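Below: the structure, in structure tokens.
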Amino acid sequence: AVDSVMTCSPSYLVMGMSAITFYGGINGAEKFKKDVKERSGLSVSIGSDSTKNALNAFSGIKNVAFFSPYFPAANEQVSLYLEESGFNVKKDLCLQCNTWTDIAKVNKDTMFSSLKEIDSDNIDALIQVGTNLPMATFTEDFESTFDKPIIAINTATYWDALRRNDITDKINGFGKLLSEY
26 AVDSVMTCSP
36 SYLVMGMSAI
46 TFYGGINGAE
56 KFKKDVKERS
66 GLSVSIGSDS
76 TKNALNAFSG
86 IKNVAFFSPY
96 FPAANEQVSL
106 YLEESGFNVK
116 KDLCLQCNTW
126 TDIAKVNKDT
136 MFSSLKEIDS
146 DNIDALIQVG
156 TNLPMATFTE
166 DFESTFDKPI
176 IAINTATYWD
186 ALRRNDITDK
196 INGFGKLLSE
206 Y
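Position one of the sequence shown corresponds to residue 26 (my numbering), numbered consecutively onward.
This is the structure we're talking about:
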């Protein structure tokens, strides 16, 4: 995929990938970025780092919870990365979607109920991982209900790429991350 996109002469890469960018914790993410940079010659925003950077943009976030379309083995890798990044993972939820297309079919009500299931008073921020989950456009609504930051991985990755390229525009409709940071 990187080789194919290079025919467009991009100046920066934004990877719409999630699970694999968490594997191996911080070292695994760094290796993934290094491999992409060696192949392309470009810097890259990836889901794991972008999620960490998004959480760090908000002040005082320590305790987090997340849900994913994955199975437990993949959630363990997400937890590893977040813990190594200085966050306490208090709860996680696996939707255990069987196919990539099943992930894309997860509806708003399921995502909302997943957030409700992982939320509690000791959680500072809620996270959704799995780039095929279509949560970005619901984040703003969800934040008003939960009254805490909600990080949708696609929004975080887009935000990270913008900020790393000195684009500071605020964008409404996708949650506080893009509208305020």
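All C-beta atoms in this analysis are idealised placements derived from N, C-alpha and C, irrespective of residue type, glycine included. All of these numbers come straight from a predicted model, not from anything done at the bench.
Endpoints, the beta strand (DSSP E) within which residue i is located
i	result
ASN113	113-119
Unbroken alpha helix (DSSP H) run spanning residue i, endpoints
i	result
LYS77	72-82
SER204	201-205
ASP9	Examination of residue 9 is not possible in this model, given that the chain is present from 26 through 206 alone.
SER68	Note, SER68: premise wrong, no alpha helix (DSSP H); not H, not E.
Span separating the alpha-carbon of residue i from that of residue j
i	j	result
TYR95	ASN190	31 Å
GLU142	ASP117	9 Å
ALA99	ALA44	7 Å
MET42	SER139	21 Å
PHE92	GLU101	12 Å
THR46	THR193	25 Å
VAL69	LYS62	7 Å
Buried or exposed (CB count within 10 angstroms, at least 16 for buried), residue i
i	result
GLY200	buried
TYR106	buried
TYR37	exposed
THR135	exposed
LYS195	exposed
PRO35	exposed
LYS58	buried
Self-check item: Any alpha helix (DSSP H) of 4 or more consecutive residues that is wholly inside the region 93-181
Solution: 97-109, 125-129, 133-143 and 164-171
Quiz item: Can you list, in chain order, the stretches of the alpha helix (DSSP H) that have 4 or more residues and sit fully within the region 35-62?
Solution: 44-47
Quiz item: Touching or not, the region 73-88 and the region 41-61, by the rule of three or more beta carbon pairs under 8 Å?
Solution: yes
Quiz item: Is the region 122-134 in contact with the region 144-152, if contact means three or more CB pairs nearer than 8 Å?
Solution: no
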